[in-house]
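Quick notes on the structure that follows.
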Amino acid sequence: MGGGHRQGACAGSALDSSWTFQAQLRALATVGPEDLTFREASVQDVSDRGREKAAARLKGAFQEVFPRPPSPERAPAAKRPRHAPAARGEADDPRLEAEVRHAVSDIVTHLRLLRKEGSGRPDRGRDEMLLRAMRQLESLPVSVRCLKATKVALELNDPCWRTGAFSAEVRELAAGLVRGWRAMFKAENPSARSSSGASRMSEAAWAVKCQNVSMDLEGAIYGLQQRSDRYHELVAVLCKLLHWDHEACRSLLASSRFAKDLAARAESAVRHRRVAALSAA
């Protein structure tokens, strides 16, 4: 009776490098010679065919969460300018609107000159002047009418502002201003908001996206573990994570780097499960 129990205790796990020396000795002391069988999966790397099946399994788990392209997330509310007029009547004041429009036009001209003077590399003095100009824009009560008249959003949405020619602070401030103005425009133009919200990825593009997500996940797992048994264990745990954490699934649509984060979470869960199993033995 005792021998059968000891044999079952070892049959569920393979002795390998993840076991400490002391743990291996304790496990070997509880089994007989007939229990020390060779498990090919414990030392064999996963095959290409196995990786294909794993990618298909991950794709299926992802598509169970998102069988169709998810609707685009609603844009965040526009950030209220620090010195925006408190009342609607003040915002509609033609004199105030003209003053703001004139100030914004001057800043846009200044931004264009600084942009064209760039040498392709960040310049501290130029970046400080750009930051002052953009913070001045941030402080002004810019209206949708002002945006249309001055084309300031068009200027700051130019691809050059997202290159390494400017400091990270300049790039982030320019992008933040454009996001805020875009959200303000959508808030005042329901037709623009509804049309952008209705646009979804086509079915063909969604199929390609799901395939890419599954390949990213499979590649992240393979980067952590190539041994067949441990690899497939990680795949199973990651499939469960996808079902449990829908926000994590959504993050995979934004960037492939989140695949490595999820794979690391799966590996951590497997490691904790093994420790718990050893403690209970």
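Residue numbers are given in my numbering: position 261 of the sequence shown equals residue 261, and the series is strictly consecutive.
Note that beta-carbon positions come from the ideal geometry of N, C-alpha and C, so glycine has one too.
Bear in mind that the values here come from a model prediction, so they are computed numbers and not experimental data.
#1: For the putative contact between Glu172 and Arg112, defined by C-beta atoms under 8 Å, what is the C-beta separation to the nearest angstrom?
#2: Suppose the cutoff is 8 Å on Cβ atoms and the five residues either side in sequence are ignored; what does the same chain contact list for Ala56 look like?
#3: List the endpoints of the continuous alpha helix (DSSP H) containing Arg250.
#4: In terms of alpha-carbon separation, which member of Asp245, Gln63, Val142 and His246 lies closest to Pro94?
#5: For a quick check, are the C-beta atoms of Ala263 and Ala236 less than 8 Å apart?
#6: Would you please state the rounded distance, in angstroms, between the beta carbons of Val100 and Leu140? I believe it to be under 8 Å.
#7: On the CB-based measure, 16 or more other CB atoms within 10 Å of its CB, does Cys160 come out buried or exposed?
#8: Between the beta-carbon of Val170 and the beta-carbon of Leu137, is there less than 8 Å?
#9: Quick one: measure Cβ to Cβ for Leu114 and Arg124, integer angstroms, because I've assumed they're closer than 8 Å.
#10: Report the CB separation of Leu242 from Val46 in whole angstroms; it is logged as a contact under 8 Å.
#11: Can you tell me the Cβ-Cβ gap for Leu217 and Ala248, rounded? I've got them flagged as a contact below 8 Å.
#12: Thinking just about the alpha-carbon of each residue, which of Trp244, Lys151, Ala174 and Arg145 is nearest to the one in Gly189?
#13: Would you say Lys151 and Val208 are within 8 Å of each other, going by their C-beta atoms?
#14: Hey, quick one: how far does the alpha helix (DSSP H) through Lys53 stretch, first residue to last?
#15: Counting C-beta neighbours from all protein chains within 10 Å, is the total for Gln44 16 or more, i.e. buried, or is it exposed?
#16: For Lys59 and Gln211, what's the separation of their Cα atoms in angstroms?
#17: Under three-state DSSP, which class holds Asp216?
#18: Per DSSP, what kind of secondary structure is Arg227 in: helix, strand or coil?
#19: Which whole-angstrom value is the C-beta distance of Trp206 and Pro69, which I expect to be below 8 Å?
#20: Is the distance from the Cβ of His232 to the Cβ of Ala54 below 8 Å?
#21: Closest to Gln63 by C-alpha separation, out of Cys239, Asn157, Tyr222 and Asp229, would be which residue?
#22: First and last residue of the alpha helix (DSSP H) that includes Leu113?
The answer reads as follows:
#1: The residue given as residue 172 occupies position 172 in the sequence shown. The residue given as residue 112 occupies position 112 in the sequence shown. Between Arg112 and Glu172 the Cβ distance is about 20 Å, and since that is not below 8 Å, they are no contact.
#2: Position 56 of the sequence shown, counted from the first residue, corresponds to residue 56. Ser214.
#3: Counting from 1 along the sequence shown, the entry for residue 250 is found at position 250. Arg250 -> alpha helix (DSSP H) spans His246 to Ala254.
#4: The sequence position of residue 94 within the sequence shown is 94, counting from 1. Residue Val142 is the option with its Cα nearest to Pro94.
#5: Position 263 of the sequence shown, counted from the start, is the residue given in the question as residue 263. Position 236 of the sequence shown, counted from the start, is the residue given in the question as residue 236. No, these two residues do not count as a Cβ contact at 8 Å.
#6: Locating residue 100 in the sequence shown gives position 100, where the first residue counts as 1. Locating residue 140 in the sequence shown gives position 140, where the first residue counts as 1. That pair is a contact at about 5 Å.
#7: Mapped onto the sequence shown, residue 160 falls at position 160. With fewer than 16 other Cβ atoms within 10 Å, it is exposed.
#8: Start at 1 with the first residue of the sequence shown, and residue 170 comes out as number 170. Start at 1 with the first residue of the sequence shown, and residue 137 comes out as number 137. No, the Cβ-Cβ distance between Val170 and Leu137 is not below 8 Å.
#9: Taking the first residue of the sequence shown as 1, we reach residue 114 at position 114. Taking the first residue of the sequence shown as 1, we reach residue 124 at position 124. About 13 Å; that fails the 8 Å criterion.
#10: Position 242 of the sequence shown, counted from the start, is the residue given in the question as residue 242. Position 46 of the sequence shown, counted from the start, is the residue given in the question as residue 46. Not quite, the Cβ-Cβ distance comes to about 20 Å (not below 8 Å), so this is no contact.
#11: Here the question's residue 217 lines up with position 217 in the sequence shown. Here the question's residue 248 lines up with position 248 in the sequence shown. With a Cβ gap of about 11 Å, Leu217 and Ala248 do not count as contacting.
#12: Mapped onto the sequence shown, residue 189 falls at position 189. First, the residue type needs correcting, since residue 189 is Asn and not Gly in the sequence shown. When each option's Cα is compared against that of Asn189, the closest is Arg145.
#13: As a working mapping, residue 151 is identified with position 151 in the sequence shown. As a working mapping, residue 208 is identified with position 208 in the sequence shown. Not a contact, by the Cβ cut-off of 8 Å.
#14: Taking the first residue of the sequence shown as 1, we reach residue 53 at position 53. Where Lys53 is concerned, the enclosing alpha helix (DSSP H) stretches over Asp48 to Val65.
#15: As a first step, residue 44 must be located in the sequence shown, where it is residue number 44. Gln44 is exposed by the Cβ-count criterion.
#16: Locating residue 59 in the sequence shown gives position 59, counting from the first residue. Locating residue 211 in the sequence shown gives position 211, counting from the first residue. Straight-line Cα distance between these residues: approximately 6 Å.
#17: For the purposes of this step, residue 216 is taken as the residue at position 216 of the sequence shown. Three-state result, Asp216: helix.
#18: Numbered from 1 along the sequence shown, position 227 holds the residue referred to as residue 227. Arg227: strand per DSSP, three-state reduction.
#19: On the sequence shown, residue 206 is found 206 positions in, with the first residue counted as 1. On the sequence shown, residue 69 is found 69 positions in, with the first residue counted as 1. Right, the Cβ-Cβ distance comes to about 5 Å (below 8 Å), so this counts as a contact.
#20: To locate residue 232, count along the sequence shown from 1; it is residue 232. To locate residue 54, count along the sequence shown from 1; it is residue 54. Yes.
#21: In the sequence shown, residue 63 corresponds to position 63, counting from 1. Closest option to Gln63, Cα to Cα, is Cys239.
#22: Here residue 113 refers to the residue found at position 113 when the sequence shown is read from its first residue. Residues Pro94 to Lys116.
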